Structures are given as C-alpha cells and as structure tokens.
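K.L.:
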Amino acid sequence: MKFLIKGAEVWEENIRKQLDILIEDGFIKELGEGITNKNTRVIDANGCVALPLFVDLHCHLRTPGEEHKENLETGLGAALKGGFHTVVAMPNTKPPIDKPELVRYLIDAAAKLDKADLKVAGAITENLQGKRRTSLESLFLAGASAASDDGYAVNNTGLLLESFKEAAILDMPIFLHEEDYELSNRSGINEGRVSFEAGVFGNHPLSEALPAARDILLARQVGARVHIQHVSSKETVDVLKMLKFKNITAEATPHHLIFDESATLSLNPLYKTNPPLRSKEDREAILEAVKSGLIDCIATDHAPHTVEDKSLPYEDALSGMAWFELVFPAIYTYLVLKELLSPGDLVRLLTINPCRILKISKRPRISVGERANIAIFDVSTKKSLEKIGSKSKASNNPLFSTELFGFTKAVFKDGKLRFLEETFLEGEEN
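Every letter in the sequence shown is one number past the one before it in the numbering used here, and letter 87, counting from 1, is 72.
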C-alpha cells in the first residue's frame, strides 16, 4: 500500500522544512514539496511535525510481577503511541531480571505483540542486592543489551570493578543509578531550602555526583562502557565536564529538564522522583549540558504506578512518573516553544545518540530509501492526555490533565502504519 503524508514539517538531522513524504511498500519513496501520486492513502499532516521514531534507554514495564501497574502490551503500546521504536526495560521487577531465562522470556513475549521493540537490561547483581555479581555473559548471550541495577545503586566498589571488567570484554554497556545512600537519606526531595521548609530529610546532590566520579574512574581503568542514568544535579554535570571520556555517556529525564524542586514544596507525590527534582540552578545546568552534548540523550525513566501508590503521604509514596505518551508534548510545549531546545536537538537526543549508545547500526531516519519509521505529532492544537485517553495503565504524571501541544497523530513503524488518530492499526490496514 502507498501512503502520502502531506504538509508535515520534517525534523531530521540538518532538516527543518515542510515536505510531503511518499511511502511505498514500507519505504520512503519520495521526500519533497507538492508530491502527487494516484492510489495513495493520504494523511493530512498540516499543522504537524514529523520526526524519526525515538529510542528510550530507560523505562520500567513492571513485568514480571507488577502487571497491575503496567504490562508489556500496555507499556509497549504506550511507547509506540508516544513515538518510540525501541525501549530498554530496567531489571527491577518482581522477580528481578537477573537470570537468562527471564531475559529470553521478555524478549520473546514482546516480539509477539508488534508494538514498540523491547531491549532488556539484565541485573548487575543477584536480586539487585549489590552483594553477588550476576553472570553478565549469560545475560548477554540470552539477549540482554545492557546491565543495570536501576532503582538501586551498586556501592560495592570491588564488585563493580569486576562487573566492569566482564562488561568490557563483552562490549556490554553498564547503566548506572548513582546514589550514595548515606548522603541521599533515600529521600525524594532535594536537600536545601525546600526540604527544610517541608520538614523532610533531604537528598544531597553529592549523593549522585560522588559515585558518578568513582564509576567513571573505574570505567577508565578497565575500558568499560558506562552510562550515567537520570542526571539530576549540577555537581554531576561538573563531574562529567572533568572526567567524561569516549566510553562514558549520560542521560537526562524529561522531569529534570522541565520541573525543579519548587514543585515538591507542596509535597504532592506526583512530583516525587528518584533522584529528586533539584534546584533551578541544577535544572539550568542539566539543560545546558543537554544542549552542548555533554549529556548525550533524553531517557524517559517511564515509571508507572497505581493511584494508590501515589496517594500515600509524600515520604511513603513511590517515586517516578509515567512518561511515554507525554514526552514529546511536554518537551515541545515547555522547551522547544520557549527555544530552550531546537528541533535538531530533539532528533539528536531522542534518536541519534540513543542508537549510538546501543550500537544500533541503522537508526530510524526520514530519508529516501529508508524504511518508514516516522512519528507525526499535531503541534497546532492543545489537548490533554486525560481527555484523549492513555494507552498506558498509569496516569502518575503531573501533566496528565494539562493541555499541551504535540500529541501523536500517526506512527509508521518498520514500514507499516501502526497508529492513526488514537487507534492502533493491524496488518490488514497496510
């Protein structure tokens, strides 16, 4: 079947221009102005932008063990709707993904769903307890694309060094949640004025920066590839400025780019994240690091929770925000429209660099001859996710009922039209 996307503003590497896109047999046949072609299904994309599909290095799909929060079908469906081709699931499930059979199970189960593609991060330590190493080789051979104890920090330096050595041999990236628990107080609020006024023990910014410095030095020693997750503080940005080298990459989340600690003063659990939202100065430092390339990519840290989990008192409520369907609308509304990030920045941060980090050789690209992997977002009208309906089971995001520009109109994945006007399409539509 042939499709003609009419009038979208195409955002690609070095491209920002209103163009038509002709798709034939799943491939981009023509890209230009005023394209006409008979026997095509036309998608009117005036008032929309078209981007190559995204890759998310950091999400939580709650499978196995907490499918009441999210399951593979709802999570990967929400990711596809949000414009993601591929997502990497973290291992802090119940049980944790610390055995090769669990890695294989998730990969096989996801492949049957035909939603977003799934890659899996296997655990660095058994049961995520930080005491005994897993066999990274067995996880890697089972299909794990990375290793992480995300949700928990690995603060056993000797164990971490041995894991780095094994990962370096495998060329397997290590994704690290950096947290010194003695400094963080396991708290979901930044240490400083806001924590003092709220009367809650705070999480010191150095709780992230100090282990990040340690781990970059360890990686340098043995040649491991290390990815610093959810950078939240200007001190960690300073560590990256001083110590980052070619094997080190880092990510920022949408919430650390959009919000700051002032949002937590009311102790609304929807703003509780780990690491916590920090100061305005921290947010500005992270945004500058993202623009300069010091921080390589934006990752969602999609963390679905039930209403009950987020209705507890702040100190007891679980951390995290559900992001898949809100990433582009939030970033477009709060950052692109304010010229804090450019269209080219988004392509680099959401597609090019995540593919580079995962060593995906053929990234989604809007170019003649490429398979169609395109997300089309309506930036002409404001909507709220609450009103249009979420594909995820979760609504734990403070922007869930906020009207934003940029919700998804259509998604082409691997040459097929998979989503159009709030509806997932099956094979016969193509």
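Here a beta-carbon is modelled for each residue, glycine too, at the ideal position from N, C-alpha and C. Keep in mind it's a predicted model, so treat the numbers as computed, not measured.
#1: Taking the alpha carbon of residue 201 as the reference point, which residue from 142, 5 and 245 has its own alpha carbon closest?
#2: Hey, how far is the Cα of residue 347 from the Cα of residue 80?
#3: Suppose the cutoff is 7 Å on Cβ atoms and the five residues either side in sequence are ignored; what does the same chain contact list for residue 178 look like?
#4: What residue range does the beta strand (DSSP E) around residue -5 cover?
#5: From residue 244 to residue 108, what distance separates their C-alpha atoms?
#6: Do you know whose CA, among 297, 319, 292 and 298, lies nearest residue 307's CA?
#7: Let me check understanding here. Comparing Cα to Cα, which of 189, 165 and 309 lies closest to residue 174?
#8: Out of curiosity, what's the CA-to-CA distance linking residue 304 and residue -7?
#9: Whether or not the stretch 220 to 239 and the stretch 308 to 324 are in contact is what I'm after, with contact meaning three or more pairs of Cβ atoms, one per stretch, closer than 8 Å; do they touch?
#10: Where do the ends of the alpha helix (DSSP H) carrying residue 342 lie?
#11: Note down, in chain order, each residue of its chain lying with its Cβ closer than 8 Å to the Cβ of residue 413, except the 5 sequence neighbours on either side.
#12: Can you tell which of 51, 352 and 95 has the C-alpha that lies nearest to the C-alpha of residue 58?
#13: According to DSSP, simplified to helix, strand and coil, what is residue 413?
#14: Helix, strand or coil: which one does DSSP assign to residue 227?
#15: Evaluate contact between the stretch 49 to 65 and the stretch 336 to 346, counting only Cβ atoms and requiring at least three cross-stretch pairs below 8 Å.
#16: Report the rounded CA-to-CA distance for residue 42 versus residue 117, giving the unit in angstroms.
#17: Apart from the five residues on each side of it in sequence, which residues of its chain come closer than 6 Å, Cβ to Cβ, to residue 391?
#18: Where does residue 66 land, buried or exposed, given buried means 16+ other C-beta within 10 angstroms?
#19: Using the Cα positions of residue 156 and residue 128, report the straight-line distance between them to the nearest angstrom.
#20: Quick check: the stretch -2 to 12 against the stretch 382 to 400, are there 3 or more CB pairs under 8 Å?
#21: In three-state terms, what does DSSP make of residue 114?
#22: Please determine, among 408, 68, 62 and 16, the residue with the shortest C-alpha to C-alpha distance to residue 36.
#23: Please name the residue, chosen from 165, 227, 219 and 101, that lies closest to residue 376 on a Cα-to-Cα basis.
#24: With DSSP run on the structure shown, which of helix, strand or coil describes residue 2?
#25: With 16 other CB atoms within 10 Å as the buried threshold, where does residue 354 fall?
#26: Just to confirm the assignment, what range does the beta strand (DSSP E) spanning residue 186 have?
#27: Can you give me the start and stop residues for the alpha helix (DSSP H) that residue 234 sits inside?
#28: From what residue to what residue does the beta strand (DSSP E) around residue 49 run?
P.N.:
Once the coordinates are examined:
#1: Selection 142, 5 and 245 evaluated against residue 201 yields 142 as nearest (Cα-Cα).
#2: The alpha-carbon atoms of residue 347 and residue 80 are separated by roughly 33 Å.
#3: Within the same chain, no Cβ atom closer than 7 Å to the Cβ of residue 178 is found once the five residues on either side in sequence are excluded.
#4: Annotation: the continuous beta strand (DSSP E) that includes residue -5 extends over -13 to -3.
#5: CA-CA distance, residue 244 to residue 108, rounds to 30 Å.
#6: Checking every option, the nearest Cα to that of residue 307 belongs to 292.
#7: It is 189.
#8: Spanning the two alpha carbons is a distance of roughly 37 Å.
#9: Touching, yes, given that three or more Cβ pairs across the two stretches are closer than 8 Å.
#10: Run containing residue 342: 338 to 343, per the alpha helix (DSSP H) assignment.
#11: Bear in mind that the predicted position of residue 413 carries a pLDDT of just 46, short of 50, making it unreliable; the figure below should be weighed with that in mind. Closer than 8 Å at Cβ, skipping near neighbours: no residue.
#12: Selected option, being the one with the closest Cα: 95.
#13: Low local confidence applies: a pLDDT of 46 at residue 413 is under 50, so the model's placement there is unreliable, with the coordinate-based value given in what follows. Residue state, collapsed to three classes: helix.
#14: It is helical.
#15: The stretch 49 to 65, when compared against the stretch 336 to 346, does not touch it at the 8 Å Cβ threshold.
#16: So the two alpha carbons sit approximately 25 Å from each other.
#17: So the qualifying residues of the chain are 313, 314, 317, 362 and 364.
#18: With 16 or more Cβ atoms within 10 Å of its Cβ, residue 66 is classed as buried.
#19: Each residue's Cα considered, the two are about 13 Å apart.
#20: Judged by Cβ distances under 8 Å, the stretch -2 to 12 makes contact with the stretch 382 to 400, as three or more pairs qualify.
#21: Residue 114: coil per DSSP, three-state reduction.
#22: Selection 408, 68, 62 and 16 evaluated against residue 36 yields 68 as nearest (Cα-Cα).
#23: Considering only alpha carbons, the answer is 101.
#24: In the structure shown, residue 2 falls within a strand segment according to DSSP collapsed to helix, strand and coil.
#25: Counting Cβ neighbours within 10 Å, residue 354 comes out exposed, since fewer than 16 surround it.
#26: Here residue 186 belongs to no beta strand (DSSP E), and DSSP marks it neither H nor E.
#27: Per DSSP, residue 234 lies in no alpha helix (DSSP H); the unbroken beta strand (DSSP E) holding it starts and ends at 233 to 237.
#28: Per DSSP, residue 49 is not a residue of any beta strand (DSSP E), being assigned neither H nor E.
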